[in-house]
Amino acid sequence: MKKILVIGSNGQLGNCIRKIAPDFENNYEFIFTDSQSLDITDENQINDFLYNQKPDFCINASAYTAVDLAEKETEKAFAVNAEGVENLAKACAEYKTVFIHVSTDYVFDGETNLDYSEDDFTSPIGVYGESKLKGEELALENNPKTIILRTSWLYSEFNKNFVKTMLNLFSQKEELGIVGDQFGQPTNANDLAEAIMNIVENPNKTFGVFHFSNYPETTWFEFAKKIAEFSKSQIKLSALTTEQYPTPARRPKRSTMCLDKIENIYKIEPKHWENSLEDCVNILSN
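Structural data, given as structure tokens:
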């Protein structure tokens, strides 16, 4: 039976993989770790763990994701998102483990009207994006069996995310302003978990960088409007400009990604973001 090591099992994606793991337990043994049980910034700990377990696949669902805080905690962001990824990639290479690493649309600067392909020029505009890009580079450098999945605007019924924050605010406020001039693709982490397991199960692996998200693009404002609609909230929403809602870290204005490559190579068809959002709101509302 093949082994799948899931790093960061207490995060959104980790929890979503844990949720569907029973569907695959006839063929795979899952090993779930979190930062308490396995510190990816500790090279010796990683080497010992992989030496003992020798997994066939390692899914890195862990990350430092506090985009604004990263501007202050640069070292911490790079320790997890870059050095930790390097430790994993090297250890995976040692034991011929396929390394599946999750990255972000924030590796792009967002200054384009075209959808970003996997080969487009990366130019992050904040520490979080810089640290994630460095992690991508170190993963590809250190393990030829690396698959990088860039995703965007991740949410789920687990942990802290935009959807849960909105639902919470809707219950407290009568009016709310949401940024309406930043474009991206909201992604249900459950869909990403399924895509990852599709890749694991595919006997013909293609390595390298892939984009995966729900589609098409939207704004945070339109995203919030749909959350309100699906949750039957009476909140009054208004669109703000980025300038009206300043944050410590700059966000890409338009980081929409082209999804053709993963569809063509792995036959994974992304879902419409509104359908996936409705599923999540229904779970959170019951």
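Residue numbers for the sequence shown follow the UniProt record's numbering, so the first one is 1 and each next one is one higher. Cβ atoms here follow ideal geometry from the backbone N, Cα and C, with glycine treated the same way.
Simplified DSSP assignment, three categories, for residue i
i, result
"R250", "coil"
"S171", "coil"
"T74", "helix"
"M1", "coil"
"residue 339", "Since the displayed the chain opens at 1 and closes at 286, residue 339 lies outside it and no answer follows."
"I199", "helix"
"G135", "helix"
"L149", "strand"
"V98", "strand"
"L176", "strand"
"F49", "helix"
"S233", "coil"
"F158", "coil"
"V127", "helix"
Rounded C-alpha distance that separates residue i from residue j
i, j, result
"L277", "P270", "13 Å"
"residue 297", "I235", "The structure shown does not extend to residue 297, since the chain spans only 1 to 286, so no value can be given for it."
"C16", "V102", "14 Å"
"F183", "T242", "11 Å"
"E130", "R250", "12 Å"
"Q244", "V98", "44 Å"
"Y64", "V80", "6 Å"
"L240", "F230", "22 Å"
"L167", "I227", "7 Å"
"C280", "S37", "29 Å"
"K164", "S171", "11 Å"
"K96", "D42", "20 Å"
"N10", "N264", "31 Å"
"K19", "A195", "14 Å"
"Y51", "N27", "22 Å"
"H211", "Y266", "11 Å"
"I262", "P216", "15 Å"
"L169", "I7", "31 Å"
Whole-Å CB distance - residue i paired with residue j, under 8 Å assumed
i, j, result
"A193", "A139", "Not a contact, Cβ separation roughly 20 Å."
"D109", "M257", "Not a contact, Cβ separation roughly 13 Å."
"I225", "L237", "Before going on, a small fix: residue 225 reads as Lys here, not Ile. With a Cβ gap of about 6 Å, K225 and L237 count as contacting."
"T219", "G177", "Wrong, their Cβ atoms sit about 13 Å apart, outside the cutoff."
"I100", "I40", "About 14 Å; that fails the 8 Å criterion."
"L154", "Q12", "6 Å"
Test item: CB-CB of residue i and residue j under 8 Å
i, j, result
"S213", "S152", "yes"
"K145", "F221", "no"
"V107", "K132", "yes"
"V209", "E118", "yes"
"E29", "K3", "yes"
"T104", "R150", "yes"
"V67", "G14", "no"
"S156", "N198", "no"
"E86", "N142", "yes"
"E136", "I148", "yes"
"A91", "K134", "no"
Any non-hydrogen atom of the ligand ATP within 7 Å of residue i CB
i, result
"L277", "With respect to the ligand ATP, the structure offers nothing, as it holds no ligand at all."
First and last residue of the uninterrupted alpha helix (DSSP H) at residue i
i, result
"K90", "G84 to E94"
"K236", "Per DSSP, K236 belongs to no alpha helix (DSSP H); it is in the beta strand (DSSP E), K236 to L240."
"G14", "Q12 to I20"
"V281", "W273 to S285"
Terminal residues of the beta strand (DSSP E) in which residue i lies
i, result
"N60", "F57 to N60"
"Y28", "Y28 to T33"
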